[in-house]
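Trainee:
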Amino acid sequence: MNFLKQAQQEFKVAPKKLLFNTKYISNNVLLLKSQVLLYKSKFFPDKEIERYAREFDKLTGYDLCSQLRIRVIEQDKRYRDMKQQLSQIKERYENEVERRSDNQKELQELLQRKGSWSDTEIIRFAELHREEMKCDTNVKEAKKNLKYMEQVVDEAHQHLMNVMRERYHEEQLWSDKIRRASTYGTLTVMIAQALLFLISILIIEPRRRQYLKKEIVESFNKQLAEMGSIIDEKQNENALQLLGIKENLLQFQDAINKEKLVYDNKSINLENKNLDVHERGSWNLGTAKGMMIGLSVGALLSLLFGNR
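Now the structure itself:
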């Protein structure tokens, strides 16, 4: 109830609703456990597991050890039963011996008073004599049974020791067999790992390197082809620009040869010696040739370093 009150305070729900939720959760847990057991019994039945275990024991030779273990258990049970019977027979023998000794004591007492016997004492002497004879017979029989049971118990104990020794021997042989199998299995795994390592080093790694080299070469050639196409396009553009510049230079050279230059959409006659120096500067044939050389050099530099 304290748990319900604490849960009510924490989750702020009614006690009945909380109790219903706990019952629902517990029912779901039980249902889940039953489903797990059902699937386990369906996919891993006990009979199949026992059958596979028996087949595995037969394959490894452990079935003989199991049979010897069952024989040891049975022989141990038989030995305990025989020992219990021996204790009972021994107790019976001791009782018979004690009874005979009591009869003998009573007979000795009666014989000491032989001259004053009464009728009842005479009858008691006869009864004690008969009981003594009977006790002797019982003691002899009990002693015989005791010796026989002692021999049987010794034989059962010896047989138990033999079965245990045989079981120990078979288990040692089985453990040696399993140890050899595990050793051979370990060596097999080590050899397989060494072979896989050699195969990976001698066969797989060279092929992988060749494949990577092929991919890298193909990618490099593809990039070179793309760069070549881009360079060709740039060269074509530059060729067109050079052709335009060449035409402009030819026109400029023709203008110089004709000693007439167009500057800022105005024609300048180079033969005129009276040009206004303050407005346009002094123009002569050397200046025009210098301008042509500077334009050509600037165009070449722009073509060479402008695309970088």
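FYI, the numbering for the sequence shown is 16 to 323, going by this note's numbering. Cβ atoms here follow ideal geometry from the backbone N, Cα and C, with glycine treated the same way. Small disclaimer: the values here were computed from a predicted structure and weren't measured.
(1) Nearest CA to the CA of E136: which residue from V112, L125, E146 and K105?
(2) Check W132 in the structure and name its three-state DSSP category.
(3) What residue range is occupied by the uninterrupted alpha helix (DSSP H) comprising I85?
(4) Would you say M176 and Q100 are within 7 Å of each other, going by their C-beta atoms?
(5) Within 10 angstroms of its Cβ, does I104 collect 16 or more other Cβ (buried), or is it exposed?
(6) Would R182 be called buried (16 or more neighbouring beta carbons within 10 Å of its own) or exposed?
(7) In or out: A68 buried (at least 16 other Cβ within 10 Å) or exposed?
(8) Given a cut-off of 7 Å, decide if H174 and Q90 are closer than it, judged by their beta-carbon atoms.
(9) Excluding the 5 residues preceding and the 5 following I64 in the sequence, name in chain order all residues of the same chain whose CB lies nearer than 7 Å to its CB.
(10) Apart from the five residues just before and just after R93, which ones in its own chain have a Cβ nearer than 7 Å to its Cβ?
(11) Quick one: any contact between the segment 103-119 and the segment 188-205, if contact means 3 or more CB pairs under 8 Å?
(12) Measuring straight from C-alpha to C-alpha, what distance separates Y226 and D72?
Mentor: Working from what's here:
(1) Within the sequence shown, the letter at position 121 stands for residue 136. For the residues V112, L125, E146 and K105, the minimum Cα distance to E136 belongs to L125.
(2) As a position in the sequence shown, residue 132 is number 117, starting the count at 1. It is coil, neither helix nor strand.
(3) By one-based count along the sequence shown, residue 85 stands at place 70. Y77 to Q127 is the span of the alpha helix (DSSP H), which, as asked, contains I85.
(4) Residue mapping note: residue 176 aligns to position 161 of the sequence shown, counting from 1. Residue mapping note: residue 100 aligns to position 85 of the sequence shown, counting from 1. In this structure, Q100 does not lie closer than 7 Å to M176 by Cβ.
(5) What you label residue 104 is simply residue 89 of the sequence shown in a count that begins at 1. Buried is the call here.
(6) On the sequence shown, position 167 is the one that residue 182 refers to. So R182 ends up on the buried side.
(7) Indexing the sequence shown from 1 puts residue 68 at position 53. So A68 counts as exposed.
(8) Taking the first residue of the sequence shown as position 1, residue 90 is located at position 75. Taking the first residue of the sequence shown as position 1, residue 174 is located at position 159. Closer than 7 Å, so yes.
(9) Reading the sequence shown from its first residue, position 49 is the one you call residue 64. Here the set comprises nothing.
(10) As a first step, residue 93 must be located in the sequence shown, where it is residue number 78. The residues are A171.
(11) no
(12) Position 211 of the sequence shown, counted from the start, is the residue given in the question as residue 226. Position 57 of the sequence shown, counted from the start, is the residue given in the question as residue 72. Y226 and D72: Cα-Cα distance of roughly 50 Å.
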